[in-house]
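Using the working numbering, read the sequence shown as starting at 115 and increasing by one per residue. Ideal placement from N, C-alpha and C gives every residue a C-beta, glycine not left out. Remarks on the structure that follows.
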Amino acid sequence: MVQYLLDTVWLVPCYALLGGLLALPWSPGIIRRTGPRPAGYVNLIMTFSSLIHSAIALSATWDKPAKEIFIPWLSTAGLNLSIDIEISSVNVTAMVVICGLNLLAQIYAIGYMEMDWGWGRFFSLLGLFEGGLCALALCNNLFFTYVILEVLTLGTYLLVGLWFSQPLVVTGARDAFLTKRIGDLFLLMGVLGLFPLAGTWNYTDLATWAATAKVDPT
115 MVQYLLDTVW LVPCYALLGG LLALPWSPGI IRRTGPRPAG YVNLIMTFSS LIHSAIALSA
175 TWDKPAKEIF IPWLSTAGLN LSIDIEISSV NVTAMVVICG LNLLAQIYAI GYMEMDWGWG
235 RFFSLLGLFE GGLCALALCN NLFFTYVILE VLTLGTYLLV GLWFSQPLVV TGARDAFLTK
295 RIGDLFLLMG VLGLFPLAGT WNYTDLATWA ATAKVDPT
């Protein structure tokens with residue numbers, strides 16, 4: 115059982131994404147009879163499940179060598195892209211911390227946001243954000259790290275602008291989004307510029323290449 119949970123630990127981000135997806139019907143009021151509270155409880159259960167899964171997997175991967183998983187994604191015109199995942203004690207520990215902190219935040223939010231009109235949307239976005247952070251912890255590919263960071267940027271914008279009826283909140287969300295857009299543009303330039311030099315976006319291969327590469331800074 116423990117080994118099975120370790121082999122499937124890469125599914126942990128899906129718990130949060132599923133929780134966020136299941137909380138969506140309460141956001142626009144599609145489900146009204148129960149009120150918005152079940153959205154928080156559903157997300158709380160999924161976060162607790164992800165915490166238990168990652169914690170058990172951590173006990174199995176402790177002091178063991180890292181394991182890499184490659185999921186083919188795109189192969190065209192000589193360009194082969196795969197979703198690279200690394201399972202190690204460091205990565206899984208990061209997921210335990212992420213899930214644990216998010217669980218505490220959700221428990222607090224259930225009481226703090228009592229009767230708040232943005233309840234369903236808030237917990238749905240928390241699921242998206244938690245899933246992105248867990249995926250970031252497991253990702254072993256620079257390109258997909260950038261993709262996940264873009265998802266987190268969107269999540270930040272939506273969470274900051276949760277109470278969009280307040281002009282100050284809208285301004286803060288917009289400023290945060292535009293500031294991150296500037297940084298992400300330079301990051302994208304670096305990501306695209308590195309591939310012709312190294313021939314890979316895999317972090318393990320990049321570390322090997324960087325140890326011997328002689329790149330002219332000019």
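State the DSSP-derived secondary structure class of Thr122, mapped to helix, strand or coil. Numbered from 1 along the sequence shown, position 8 holds the residue referred to as residue 122. In the structure shown, Thr122 sits in coil (DSSP, three-state: anything other than H, G, I, E or B).
Per DSSP, what kind of secondary structure is Lys181 in: helix, strand or coil? Indexing the sequence shown from 1 puts residue 181 at position 67. Strand, per DSSP.
Inter-residue spacing [alpha-carbon to alpha-carbon] between Leu188 and Ile199: Locating residue 188 in the sequence shown gives position 74, where the first residue counts as 1. Locating residue 199 in the sequence shown gives position 85, where the first residue counts as 1. For Leu188 and Ile199, the gap between their C-alpha atoms comes out near 16 Å.
Cβ pair Thr161, Gly133 closer than 8 Å: The residue you call residue 161 lines up with position 47 of the sequence shown. The residue you call residue 133 lines up with position 19 of the sequence shown. Cβ distance < 8 Å, so Thr161 and Gly133 count as in contact.
List the endpoints of the continuous beta strand (DSSP E) containing Ser196. For the purposes of this step, residue 196 is identified with residue 82 of the sequence shown, where counting begins at 1. 193-201 is the extent of the beta strand (DSSP E) around Ser196.
Euclidean distance between Cα positions of Leu215 and Leu292: Residue 215 sits at position 101 when you count from the first residue of the sequence shown. Residue 292 sits at position 178 when you count from the first residue of the sequence shown. Spanning the two alpha carbons is a distance of roughly 27 Å.
Alpha helix (DSSP H) runs wholly inside the region 228-286, at least 4 long, in chain order: Counting whole runs of 4 or more residues, the region 228-286 contains the alpha helix (DSSP H) stretches 233-252, 256-274.
Assuming contact is defined by CB atoms lying nearer than 8 Å, are Phe300 and Leu273 in contact in what I supplied? On the sequence shown, position 186 is the one that residue 300 refers to. On the sequence shown, position 159 is the one that residue 273 refers to. Between Phe300 and Leu273, the gap from beta carbon to beta carbon reaches 8 Å or more.
Between Ala321, Cys248, Asn255, Gln117, which has its C-alpha nearest Leu125's C-alpha? In the sequence shown, residue 125 corresponds to position 11, counting from 1. For Leu125, the closest C-alpha among the options Ala321, Cys248, Asn255, Gln117 is that of Cys248.
Let me check one thing: in DSSP terms, what residues is Thr190 bridge-paired to? Within the sequence shown, numbered from 1, the residue matching residue 190 stands at position 76. Partner residues in the beta bridge of Thr190, as assigned by DSSP, are Leu193.
Which residue from Gly154, Ala137, Ala312 puts its Cα closest to that of Leu218? As a first step, residue 218 is located in the sequence shown; it is residue number 104 there, counting from the start. Of the candidates Gly154, Ala137, Ala312, the one whose C-alpha sits nearest the C-alpha of Leu218 is Gly154.
Could you tell me the alpha carbon to alpha carbon distance between Asp298 and Thr175, rounded to whole angstroms? Taking the sequence shown and counting its residues from 1, the one referred to as residue 298 is at position 184. Taking the sequence shown and counting its residues from 1, the one referred to as residue 175 is at position 61. The straight-line gap from Cα to Cα measures roughly 33 Å.
Residues bridged to Asn316 by DSSP? Taking the sequence shown and counting its residues from 1, the one referred to as residue 316 is at position 202. Asn316 is bridged to Asn255.
State the DSSP-derived secondary structure class of Ala223, mapped to helix, strand or coil. Locating residue 223 in the sequence shown gives position 109, where the first residue counts as 1. Of the three classes helix, strand and coil, the one that applies to Ala223 here is helix, per DSSP.
The region 250-263 touching the region 199-210, judged by at least three CB pairs closer than 8 Å: Touching, yes, given that three or more Cβ pairs across the two stretches are closer than 8 Å.
Of all the options Ile221, Tyr271, Leu195, which has the alpha carbon lying nearest to the alpha carbon of Phe258? Translated into the one-based positions of the sequence shown, residue 258 becomes position 144. If we check each option's Cα against that of Phe258, Leu195 comes out closest.
Answer yes or no: does any C-beta atom of chain E fall closer than 8 Å to that of Ile296? The structure shown contains no chain E; it holds only a single protein chain.
Kindly list the residues whose CB is nearer than 7 Å to the CB of Gln117, restricted to its own chain and excluding five residues on each side of it in sequence; keep chain order. What you label residue 117 is simply residue 3 of the sequence shown in a count that begins at 1. Hits under 7 Å: Ala174.
For Leu239 and Gly269, the rounded distance between their alpha carbons: Walking along the sequence shown from the start, residue 269 turns up at place 155. Walking along the sequence shown from the start, residue 239 turns up at place 125. Within the model, the alpha-carbon separation for Gly269 versus Leu239 is close to 6 Å.
For Gln220 and Leu136, I'd like the C-alpha separation in whole angstroms. Within the sequence shown, numbered from 1, the residue matching residue 220 stands at position 106. Within the sequence shown, numbered from 1, the residue matching residue 136 stands at position 22. Roughly 15 Å between the two C-alpha positions.
Looking at C-alpha atoms only, which residue of Val210, Ile166, Cys213, Trp140 is the closest neighbour of Arg235? Reading the sequence shown from its first residue, position 121 is the one you call residue 235. Across the set Val210, Ile166, Cys213, Trp140, the C-alpha of Trp140 shows the shortest separation from the C-alpha of Arg235.
Count the other C-beta atoms from every protein chain shown that fall within 10 angstroms of the C-beta of Leu172, then say buried if there are 16 or more, exposed otherwise. Here residue 172 is taken as the residue at index 58 of the sequence shown, counted from 1. Note on Leu172: 16 or more other CB atoms within 10 angstroms of its CB, so buried under the neighbour-count rule.
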